[in-house]
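Heads up, the thing below is written out as structure tokens.
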Amino acid sequence: MNVGLSAALTAGCERLCAWSDLLDEINVFPVADADTGRNLKISLSPLIGLDGSMARRRRQLIASATGNSGTIAAAFLSPFLEKIAESPLSHAVSAGRSAAWQAVADPKPGTMLSVFDELDKAAGSLSGNPEKADIDHIVDVLAEAVGSTVRQLPQLEQAGVVDAGALGMFIFFEGFFRHLIGDTMALEPIGRRFRGSLHVAGAVGPTGYVGYCVNAVLSVPDAAGVPDMTAPLGDSVVALPDGDRVRLHLHTRNREETRDRLQSVGRIIQWKEASMEVEMPKTTTLGATRAVHLMTDAAGSISRSEARELGITLLDSYLVTGDARVPETLFDEKRLYRQISAGHRVTTAQASVFEKYQSYQSVVDRYRQVVYLTVGSVYTGNFNAAERWRNKNGNTDRFMAVDTGAASGRLALIVRMTAHSTRAEKSMNRTADIARQYVDNCDELVFLDQLKHLAAGGRISRSKGFFGDLLGMKPVIRPAKDGAAKVATLRKRKDQLPFALDYLSARFSKNEPLTLLLQYADEESRVRKEILPRFRNHFPRSRILVTRLSLTSGAHMGPGTWAVAYCPEI
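Count along the sequence shown starting at 1, add 162, and that's the number in the working numbering.
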């Protein structure tokens with residue numbers, strides 16, 4: 163594939179990832195289930211770092227497609243990718259537009275389909291390689307198409323927002339086209355362009371749909387005829403043919419009946435379902451009661467659901483396994499540890515500078531003041547990237563980064579404590595000062611089961627990792643601001659819990675009110691049933707939380723790892 167084209171596709175997807183939270187917040191059609199941004203982020207992730215054969219990448223795109231928005235986007239992009247490298251842009255767009263319309267059982271204007279229509283018309287006038295004037299025109303046409311969606315569907319008009327899927331494809335294509343001609347400085351903040359139509363009215367409540375969202379894959383003799391055959395099986399049906407298979411998305415009120423009827427169409431080789439009884443946030447700004455919004459890195463042990471509860475924004479890192487590059491908060495944790503245990507190579511990657519900058523722009527676009535609590539600079543370059551963006555864009559009075567020097571659970575605890583302590587705080591500087599107090603007082607012990615995973619990731623030499631495992635060593639480390647420091651080396655797994663209790667007892671009295679954060683990699687049951695009760699008995703006045711270790715930390719530390727982050731009352 164052409165290198166410039168590959169980079170443009172990556173830029174489009176990275177920009178979409180950076181604004182995905184906003185898409186979730188305004189997602190009210192076809193149902194208000196707050197997952198459009200998430201589904202597009204998962205579905206288009208194969209475009210990031212696109213290389214290798216086009217056929218393989220197309221299959222990855224189709225295999226990743228999920229949800230209504232993600233499946234329709236994949237239906238467009240599959241033929242688009244196939245043609246764009248060797249055909250005029252207009253041909254690729256037309257092929258994608260036709261495939262997307264054919265994939266939807268009940269297509270409606272006022273959705274991303276309208277964006278594809280307008281893109282098809284605008285691209286049809288191009289005779290050669292697009293220039294800046296051409297791209298300016300295409301972007302304006304697409305923006306107008308998105309802006310008009312609020313008047314085309316009753317749900318959108320009631321909520322007072324544009325269609326989330328349509329906005330998502332606008333964000334993708336603006337990033338793609340601007341990068342294609344080297345004009346990314348012209349990217350306009352989304353809130354400025356669509357001012358007044360990105361805030362859901364308070365009247366929008368639950369989805370109103372009692373049933374299930376189903377994503378399935380069928381093996382069929384005639385994939386082309388499946389869209390018509392599956393249309394009566396549910397609502398919001400999208401069928402994406404792929405050779406002798408069909409990737410299917412639908413909403414159903416009776417999952418058993420739907421599954422039985424699908425089996426008469428073809429053989430079900432994959433089936434995923436999720437309840438749709440989801441409550442939509444009453445406002446589009448999660449944590450809207452806060453005067454100062456908090457942002458942090460997903461490499462801290464905070465899940466997407468926990469971030470939503472706390473009202474904070476996460477910046478993802480990526481897990482890379484085989485050909486797949488997936489945002490860590492959207493990676494299946496069970497799959498991760500299965501692959502590591504099977505000896506498959508799993509690595510991690512930071513978001514690109516472009517994606518980071520777009521993420522900072524996204525939070526500043528939506529919140530008046532933002533404090534970004536970053537992973538320690540010894541682990542990533544996020545703090546320095548944030549400082550460069552802050553100074554370059556003149557946002558010194560609205561955006562502030564704090565280098566916590568922390569990672570994994572220590573970062574998670576710093577963020578949690580800061581979030582709870584600053585709910586009523588109106589000063590960005592004061593919020594940052596409070597965060598720094600927790601930076602000084604929070605600490606963490608991490609208990610590894612094997613050294614070889616750190617060795618594989620380059621954290622220690624392979625020889626040290628090999629001989630450590632050979633001798634049965636169980637290292638205890640502290641992720642500090644200058645890197646991971648070894649605290650002790652234990653001989654047996656059963657020694658870990660007594661060491662942790664003795665270590666903390668030497669520093670804190672039994673009745674001191676601590677906040678403790680227990681984390682697990684792949685052994686949740688062990689932490690909850692064996693470790694948690696001992697901590698409760700040892701520190702009865704402490705508040706003890708349990709969560710999953712961040713997957714980037716888990717990828718480096720491996721299965722069997724657990725940790726305890728701790729903070730005294732300030």
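We put the CB at the ideal spot given by N, CA and C, even for glycine.
- With 16 or more other Cβ atoms from the protein chains shown falling within 10 Å of its own Cβ, His411 counts as buried.
- Judged by beta-carbon spacing, Thr566 lies within the 7 Å limit of Leu573, meaning their Cβ atoms are closer than that value.
- Excluding the 5 residues flanking it on each side, Arg313 has same chain C-beta neighbours closer than 7 Å at Glu319, in chain order.
- Between Cys375 and Ala328, the CB-CB gap reaches or exceeds 7 Å.
- When Ile430, Glu587 and Asp478 are compared, the shortest CA-CA separation from Arg452 is found for Glu587.
- For Asn377, the enclosing beta strand (DSSP E) covers residues Tyr374 to Ser381.
- Bounds of the beta strand (DSSP E) holding Tyr480 are Tyr480 to Thr483.
- Between Gln612 and the set Ile188, Leu206, Val488 and Pro721, the nearest pair of CA atoms involves Pro721.
- For the pair Pro250 and Gln523, the CB atoms are not nearer than the 7 Å cut-off.
- Leaving aside the five residues that flank Gly373 on each side, the residues in its chain whose CB is nearer than 7 Å to its CB run, in chain order, His413, Thr414, Arg415 and Met438.
- Burial check for Arg218: the Cβ neighbour count within 10 Å stays below 16, so the residue is exposed.
- Rounded to whole angstroms, the gap between the alpha carbons of Ala225 and Tyr480 is 18 Å.
- Ala285 is the residue among Glu248, Ala285, Ala227 and Ile234 whose C-alpha sits nearest the C-alpha of Val255.
- Remark: C-beta atoms of Ile234 and Val400 approach each other more closely than 7 Å.
- Partner residues in the beta bridge of Leu679, as assigned by DSSP, are Leu707 and Ala727.
- In the three-state DSSP reduction, Tyr541 falls in the coil class, being neither helix nor strand.
- For Ala328, the enclosing alpha helix (DSSP H) covers residues Ala326 to Leu342.
- With fewer than 16 other CB atoms across the displayed protein chains lying within 10 angstroms of its CB, Met347 is exposed.
- Of Thr491, Leu223, Cys604 and Gly199, the smallest CA-CA separation from Leu711 is found for Thr491.
- A straight-line Cα-Cα distance of about 30 Å links Arg470 and Gly396.
- About 23 Å separates the beta carbon of Val540 from that of Phe561, a gap too long to meet the 8 Å contact definition.
- Three or more beta-carbon pairs separated by less than 8 Å are not found between the region 302–309 and the region 417–437, which leaves the two stretches without contact.
- Nearest in C-alpha terms to Ser287, of all of Glu692, His253, Arg177 and Ala227, is His253.
- It is roughly 19 Å from the alpha-carbon of Gln222 to the alpha-carbon of Gly199.
- Cα atoms of Asp325 and Val526: separation of roughly 22 Å, rounded to the nearest angstrom.
- The beta carbons of Leu171 and Leu209 sit about 5 Å from each other, so the pair counts as a contact at 8 Å.
- Put simply, the backbone Cα of Asp197 is about 12 Å away from that of Ser467.
- In the DSSP secondary-structure assignment, Val488 is bridged to Leu481.
- Straight across, the Cα-Cα distance linking Ser583 with Gln599 is about 11 Å.
- Just so you know, the alpha carbons of Asp602 and Ala236 end up roughly 47 Å apart.
- Going by beta carbons, Phe609 and Gln681 fall outside the 7 Å limit.
- Thr458 sits close to Val577, with the two beta carbons spaced by under 7 Å.
- Cβ neighbours of Ala597 within its own chain (closer than 7 Å, five residues either side excluded): Val533, Leu535, Val564, Ile576 and Thr580.
- Here Arg705 is exposed: its Cβ has fewer than 16 other Cβ atoms, across all protein chains shown, within 10 Å.
- Positions of the alpha helix (DSSP H) runs, each at least 4 residues long and wholly inside the region 500–541, are given as 515–528 in order along the chain.
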